[in-house]
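Trainee:
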Amino acid sequence: MAIQKSDPDYVTALVRGLSVIRCFDKGFESLTLSEVAARSGLTRGTARRFLLTLEAIGYVSQNDRTFRLSPKVLDLGYAYLASVPLWEQAQPLMKEIVDQIDESCSLAVLNGTDVVYLARVPPRHLHTLPVHVGTRMPAYVNSMGRVLLAELEDADLDEYFRHAELRKLNRYTVTSETVLRRILHDIRKNGYSMLEHELHEGRRSMAVPIRNRDSVAVASINVSALMSRATKKEFVDRFLPLLKNAAFLIGKAI
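Be aware that the sequence shown starts at 1051, since it is given in my numbering, and climbs by one per residue.
1) Measure the Cβ-Cβ separation of residue 1174 and residue 1152 and say whether it is below 8 Å.
2) Which of the three DSSP states, helix, strand or coil, is assigned to residue 1117?
3) May I ask you to report which of helix, strand or coil DSSP gives residue 1256?
4) Quick check on DSSP: helix, strand or coil for residue 1290?
5) Okay, do the segment 1273–1289 and the segment 1143–1157 touch, 3+ Cβ pairs below 8 Å being the bar?
6) For residue 1081, which residues in the same chain have their Cβ closer than 8 Å to its Cβ, ignoring the five residues on either side in sequence?
7) Decide if residue 1106 is buried, meaning its Cβ has at least 16 other Cβ atoms within 10 Å, or exposed.
8) Closest by CA to residue 1065, which one among 1085, 1076, 1091, 1083?
9) Note down the Cα distance separating residue 1214 from residue 1287, rounded to an integer number of angstroms.
10) To which residues of the same chain is residue 1067 closer than 8 Å at the C-beta, ignoring the five residues directly before and after it?
11) Mind reading off the beta-carbon distance from residue 1165 to residue 1187? Whole number of angstroms is fine, and I expect it under 8 Å.
12) Could you tell me whether the segment 1204–1219 touches the segment 1292–1299, using the rule of 3 or more Cβ pairs below 8 Å?
13) In whole angstroms, what is the alpha-carbon distance linking residue 1255 and residue 1108?
14) Applying the 10 Å Cβ sphere with the 16-neighbour rule, what's the burial state of residue 1192?
15) Leaving out the 5 sequence neighbours to the left and right, which residues in its chain are closer than 8 Å to residue 1161 when beta-carbon positions are compared?
16) Is it the case that the Cβ atoms of residue 1163 and residue 1189 are separated by a distance below 8 Å?
17) Nearest by alpha-carbon distance to residue 1227: which of 1220, 1221, 1219, 1211 is it?
18) With a threshold of 6 Å on Cβ separation, who are the neighbours of residue 1304 within its own chain once the five nearest residues in sequence on each side are excluded?
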């Protein structure tokens, strides 16, 4: 049974700190101290102490006189997604995709500058990658990572590029921030990402975002295949509708 506010185990400071984090949402991405105090119902002095504490531990960044959440706050969402039975919700739908196309299907979340795989269904054939639950990959060179990066606000994307190490993994890997930003813009417009050669030569992958009931992209789902096994047209015409349907159904369940 949940404790009451009058219970000695009820930590008011924690509640207030969370209220500060909740101040930042769509339309209120960047706030002054006064705005945070007004939206949270705290005094300016209390709001200031919480903001500076959150900044010290990396969850808030300050620019001139305004504050905003940093990408590190996504760690909190990742902790939730990693703890809920997401696999139970996603696995049957992912297995349906694999049964139809016989190519691997994976689900991942953004965690820092990487994506972390939370679920994966391998194909029946042997032409697959040694990827498993818990595998981390750089977000900039992963189809699921790019979909999730494309969903970030501009300031959060700036923060990502300040910390990401853009390394060439092979001769095809895009490491130019300017080019990557253009790619992410197109992904945002198209609603999906497609990666060819950049992570593994001869392999193509496609990903779409998984949105929760508030339309926030909390994860991504993809299909990966050797380019010799599936054409780009087949990815768009056949695989994309399957991914979109699975993403919609998973999103409704989380």
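Backbone N, C-alpha and C define an ideal beta-carbon position, used for all residues, glycine too.
Mentor: Based on what the coordinates show:
1) Cβ distance < 8 Å, so residue 1174 and residue 1152 count as in contact.
2) Of the three classes helix, strand and coil, the one that applies to residue 1117 here is strand, per DSSP.
3) The three-state secondary structure of residue 1256, taken from DSSP, is strand.
4) Correct three-state label for residue 1290: helix.
5) Yes, the segment 1273–1289 is in contact with the segment 1143–1157.
6) Around residue 1081: 1073, 1074, 1089, 1116, 1117, 1118.
7) Label assigned to residue 1106: exposed.
8) Answer by Cα proximity: 1091.
9) Roughly 33 Å between the two C-alpha positions.
10) Non-local C-beta neighbours of residue 1067 in its own chain, meaning closer than 8 Å and more than five positions away in sequence, comprise 1100, 1103, 1104, ordered along the chain.
11) Contact holds; Cβ gap of about 6 Å.
12) Taking a contact to require three or more Cβ pairs closer than 8 Å, the segment 1204–1219 and the segment 1292–1299 do not qualify as touching.
13) Using only the alpha carbons, I get a separation of about 33 Å.
14) Under a 10 Å Cβ-count criterion, residue 1192 is classified as buried, with 16 or more other Cβ atoms of the shown protein chains found around its own Cβ.
15) So the qualifying residues of the chain are 1124, 1125, 1128, 1186.
16) Yes. Within cutoff.
17) Put simply, of 1220, 1221, 1219, 1211 the residue whose alpha carbon is nearest the alpha carbon of residue 1227 is 1211.
18) In chain order, 1262 place their CB closer than 6 Å to the CB of residue 1304, counting only its own chain and leaving out the 5 sequence neighbours on each side.
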